[in-house]
Structures are given as structure tokens and as C-alpha cells.
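Everything on this sheet refers to the single structure shown next.
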Amino acid sequence: MTIIGRPSVGKSTLLNKLCGEKVAIVSKVPQTTRNAIRGIVNRDEGQLIFVDTPGRHSSLKKMNKKLMEVSERSLAESDIVLYVMDASRAPGHEEEEITRLLTPFSAKTIIAVNKMDVPNVDFNRIKDFLSLHFSFGQTLFAISAVTGQGIDELVSALFAIAGEGHPLYGEEYYTDQETGFRIAEIIREQAINRLRQELPHSLYVDIADMEFKETNLWVRAFIMVERESQKGMVVGKGAEVIKAIRLGALKELKKIFDWKIDLDLRVKTGKDWRHNDRTLKRIIER
Ligand SMILES: Nc1nc2c(ncn2[C@@H]2O[C@H](COP(=O)(O)OP(=O)(O)OP(=O)(O)O)[C@@H](O)[C@H]2O)c(=O)[nH]1
Ligand SMILES: [Mg+2]
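Just so we're aligned, residue 1 is where the sequence shown starts under this note's numbering, counting upward by one.
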């Protein structure tokens, strides 16, 4: 099933909570997720497969259009849609566009209103919006992907409507992402969380080389920026920023993988990569 919603509503945080593992990266910066990211939930009732998608945002920029295609493709392939909304923000123009997009799928859509842990959230504001713009029937869940409030009820409801089927993955799987992609994403998350302004949107991570050397996994990765002038900001004074990104990434990777990882991390310019069709295709469609 597809997890869909506008940027920063907590889709990736929810996916991680559902799977009990860090499957997708999370940040305060909107449009963190750039790919369809699969998370697998195994319970006594069976298996559910979730696909996290890039936040729906209205912009005609080349990269945004590619990101929007990712969620539309996933939507078309899904039996169930999990529409995530943010209780702490008023629904606006973007939310109206999402309800329009989801109208043909309304019979198979479940709505989760996230961030219910934020003080003074206005749940009724969301209800009123939905009754105006969407036929949502009984399927509205108040949750917090951070505290876990309402998650069990949501999962039970999802199992109930998913019906019986054969598990696609072995029980030990919680995602199907390749190692190189996960490493690149963790590095990107650490970079996003340490950089400001436009920089988080201006970068991607390229794994140039990856090789097992006895018990260690040796990785050479590049943080790719759009312009030569951005390199200095990623490196920082006395290389402080890139060192912090590297150490932060190693700490996170240690939680995910059993092997020791040697990470050679550098910064490189991929001039105007956000306007390059081939690069966009490679990093978004994969
Ligand atoms: N208080 C609170 N914050 C949350 C909750 N869920 C997510 N957040 C925060 O909201 C921000 C965005 O979370 P993400 O999970 O990256 O949001 P997303 O919808 O995947 O965003 P995109 O990938 O950009 O579309 C992060 O700072 C999260 O910590 C929640 O239930 N409560
Ligand atoms: Mg996300």
C-alpha cells in the first residue's frame, strides 16, 4: 500500500514506526524522501507492504515533477492508500490537490491524521476539511508516529481491509533496499540535518565504490552539490561539517549493519544536476 501526503507530514517517520526499524530517512526539511521506499511489516496476522513516497508539492520544477511521478506510479499499483495528514497545520491548497488526486481511490483510502502529540492540535479542522473535499467514511485515525499513539489501531484496521494473501517476503525482511542505497540515504540525512537554506535540496549522494575487505565494508561516497561555490559549505571550516556528517552517518550505519564500515566521504560538483534528465532518472527512478 502507498503512503501519500504533502511534504513533512511524517510519512517516513510513520513507516519507520510501523516497521520498528529505520527504513526511510527523516528530516525537518520538506521533500526529504525522493524515492518509493518499501517497508515490510510482519505480524501474527500476516504481512503488510508499505511504500513511502515523496511529499506531494505543487511546483513545475523538473525535479519536483519527477518526484510527483513516483507517488502517482505507486498509487496506481496499490491495493490500499494510506493518506497521511498533519494535525498541527491547517490543510491548504496542497491538501486540496491531494484529495483531488485521491478521489478515484477513495474507496480504498485510509486516512491517518498524524502529529496528534503536538499541543493544541485541531483535529476537527481536519475533519471539516475532509467532509468538504473528500468522502472518507469511517476510516479516519488519529495517530502520532513519534509517540506511537493510535498506531496499533491503524495497523489492525489495515490488516482487516488487506485481507488474506501470501507473504511476498521472508519474515526477517523489513525492507528490500540495496545496501548502497541505504548508505547513500543515511549520508544524505546526516547532511540535510547539518546544512541550511537551499543546500539540502541541492545535494545527492553518489556511492562511487563499495567493496568488502575481510570483515569490513569499504565505501567511497561523494556528496554531490550543484555549484562549485556550495562545496565549501558542505566541507565547513577546518572540514568540520563534512567530518560531522561522516561521523553521524557511521553512527547510524552501525545501528543498521553488522559489518564495520570504512567510509571515505568527499564533496564533488555535479553542475546543475537538478536540471539533468539522466541524473534525475538515475537517482529518483533508480
Ligand atoms: N511532533 C511530531 N512530529 C513528527 C511526527 N511525525 C513526524 N514528525 C516530524 O515531522 C518532520 C517531518 O517528518 P518526515 O517523516 O521526514 O516527513 P515526510 O512526510 O516523510 O516528509 P517528506 O519526505 O519531505 O515528504 C520531522 O521533523 C519529524 O520528526 C509526529 O507524530 N509528531
Ligand atoms: Mg519522507
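Even for Gly, the Cβ is constructed at its ideal location relative to N, Cα and C.
Near ligand 2: residue i beta-carbon under 7 Å from a heavy atom
{"i": "Thr147", "result": "no"}
{"i": "Asp86", "result": "no"}
{"i": "Thr103", "result": "no"}
{"i": "Asp206", "result": "no"}
{"i": "Lys115", "result": "no"}
{"i": "Asp52", "result": "yes"}
Counterpart residues of residue i in DSSP-defined beta bridges
{"i": "Gln197", "result": "The partner list for Gln197 (beta bridge, DSSP) is empty, contrary to what the question assumes."}
{"i": "Phe295", "result": "The structure shown does not extend to residue 295, since the chain is modelled only from 1 through 286, so no value can be given for it."}
{"i": "Asn114", "result": "Asp86"}
{"i": "Asp52", "result": "Ile3 and Ile37"}
{"i": "Ala142", "result": "Val113"}
{"i": "Lys61", "result": "Paired residues: none, contrary to the question."}
{"i": "Lys213", "result": "Asn216"}
Any non-hydrogen atom of ligand 1 closer than 7 Å to residue i Cβ
{"i": "Thr99", "result": "no"}
{"i": "Gln197", "result": "no"}
{"i": "Gly344", "result": "What the structure shows of the chain is the stretch from 1 to 286, and residue 344 is not part of that stretch, so it cannot be assessed."}
{"i": "Lys11", "result": "yes"}
{"i": "Val118", "result": "yes"}
Exposed unless 16 or more other CB atoms sit within 10 angstroms - verdict on residue i
{"i": "Ile161", "result": "exposed"}
{"i": "Thr33", "result": "buried"}
{"i": "Glu252", "result": "buried"}
{"i": "Lys11", "result": "buried"}
{"i": "Thr147", "result": "exposed"}
{"i": "Arg227", "result": "exposed"}
{"i": "Gln197", "result": "exposed"}
{"i": "Leu60", "result": "exposed"}
{"i": "Gly165", "result": "exposed"}
{"i": "Gly39", "result": "buried"}
{"i": "Asp294", "result": "Beyond the ends of the chain as shown, which are 1 and 286, falls residue 294; an answer cannot be given."}
**Asked** At a cut of 8 Å, does the segment 202 to 215 reach the segment 137 to 152 through at least three beta carbon pairs?
**Response** no
**Asked** Can we say the segment 77 to 88 touches the segment 2 to 11, given the rule of at least three CB pairs closer than 8 Å?
**Response** yes
**Prompt:** Pairing CB atoms from the segment 187 to 202 with CB atoms from the segment 165 to 173, are three or more of them under 8 Å?
**Reply:** no
**Message:** Is it the case that the segment 180 to 192 contacts the segment 40 to 59, given that we only count it when at least three CB pairs across the two stretches are under 8 Å?
**Reply:** no
**Asked** Touching or not, the segment 234 to 251 and the segment 260 to 269, by the rule of three or more beta carbon pairs under 8 Å?
**Response** yes
**Request:** Indicate whether the contact test is met: 3 or more Cβ pairs, each with one atom in the segment 272 to 279 and one in the segment 216 to 236, closer than 8 Å.
**Result:** yes
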